[in-house]
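All remarks here apply to the structure that follows.
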Amino acid sequence: MLGVAVVGCGYWGPNLVRNVVACPHTRLVRACDLDAGRLARVLAPYPGVDACTDLAEVLADPRVEAVAVATPVHTHHAVARACLEAGRHVLVEKPMAASVAEGRELVELAMRKRLVLMCDHIFCYAGAVRAMKGLVDAGHLGELLYFDSVRVNLGLFQRDVNVIWDLAPHDLSVLALVTGRRPVAVTVHAARLAGWPQENIAYVALDFADGFIAHLHLNWLSPVKIRKTIIGGSERMIVWNDLDPVETLKVYDKGVVVDAGPGREERDRMLVSYRTGGVASPHVPQGEALAAVVAEFAAAIAEGREALTGGREGLDVLRVLEAAQRSVERGGERVRVDDAEERP
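In our numbering, the protein residues as written are 1 to 344.
This is the structure in structure tokens:
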């Protein structure tokens, strides 16, 4: 079994602790947090796990083969780098780092050390997303046209990142996995409302080289919680409602056909045909997504391969986030995603 340590036991760390313990391929040997009292509470159900408040103790323990990092975003790079330099495989929470430069350094270090660097893009392991990818890969939707997502709630406000860096990694990672596309430019309209010092509402528009388009609505100030994504195709359309436990995924056999025809150059002479077919709710595999994350981490290490959401995928997300941040800083200007360099 893979010996794992969890570093950071605040908001997300306890979930990692629970899933590392539950996974049949991993063994939680240590947990680390600066707050000894909090750490004791988290580990109370697991008396055999050693606790410490110093990362150096984790890395000095020969039982620790891999580390799951759930510390604040601004510390991801330093903690993950220390673990990689010490020869440990690393699973790091999203976003993988606070900048493209930091992320690139981690990816290159992991490659040199021949270690697994994995980013916890958790929704890529959700049953609904796996089902969506299967439908898209099978050509069930026809030509892909657009991706439209809404991810809003009242909070949780983060102190070290804005709403884009906090929430957009979920949708950007799902978009990349399901469609296989990488955006070439991004435009963001965002605001700092209710006295909060960072952007807490944002509308992110993504352009792609082939005409495909994506839009993300991100908000920490919504009175209701919404997690909904629509993927439109020329043949069918998918609606993913992550908060609907019964019909999480719906496939609509609907679409339009626009016939300009010979001589129909004027807009009012175009013919539009609407197709309205049935609605299907395909089977969605059940199970906690984080359990699948931990299982994939262990499998990638055991098999000596890259993880489904590895360092390269984490770096791709960081490139879009940096471009989005530049767009915010430039008042909503369209900014090209930094794709000039090749992926490591």
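Note that beta-carbon positions come from the ideal geometry of N, C-alpha and C, so glycine has one too.
(request) Could you tell me if the beta carbon of A56 falls within a distance shorter than 7 angstroms of some heavy atom in the ligand MN? (result) The ligand MN is not part of the structure shown, which contains no ligands of any sort.
(request) Could you say if the stretch 60 to 68 and the stretch 33 to 48 meet the contact criterion of at least three C-beta pairs nearer than 8 angstroms? (result) no
(request) Please classify F147: does DSSP put it in a helix, a strand, or coil? (result) strand
(message) So, with DSSP's three-state summary, where would you put W165?
(response) helix
(message) With distance defined between alpha-carbon atoms, name the residue in R38, A36, P47, L243 nearest to V29.
(response) P47
(message) Once DSSP output is grouped into helix, strand and coil, what is the label at P14?
(response) helix
(request) In the DSSP assignment, find the alpha helix (DSSP H) that holds C83 and state where it starts and stops. (result) 76 to 85
(request) With M96 as the anchor, note down where its beta strand (DSSP E) starts and where it stops. (result) Premise fails: M96 is in no beta strand (DSSP E) and is neither H nor E.
(request) Grab the span of the alpha helix (DSSP H) containing M118 for me, first residue to last. (result) That residue, M118, is in no alpha helix (DSSP H); its beta strand (DSSP E) goes 117 to 120.
(request) Compute the beta-carbon to beta-carbon distance between L318 and A168, rounded to the nearest angstrom, for a pair I have assumed lies under 8 angstroms. (result) The pair is not a contact, with the Cβ atoms about 11 angstroms apart (cut-off 8 angstroms).
(request) Starting from W240, follow its DSSP beta bridges and name the residues at the other end. (result) T229, L249
(message) According to DSSP, is D338 part of a helix, a strand, or is it coil?
(response) coil
(message) Can you look up V376 in the DSSP assignment and give me helix, strand or coil?
(response) Missing from the structure shown is residue 376; the chain here goes from 1 to 344 and no further.
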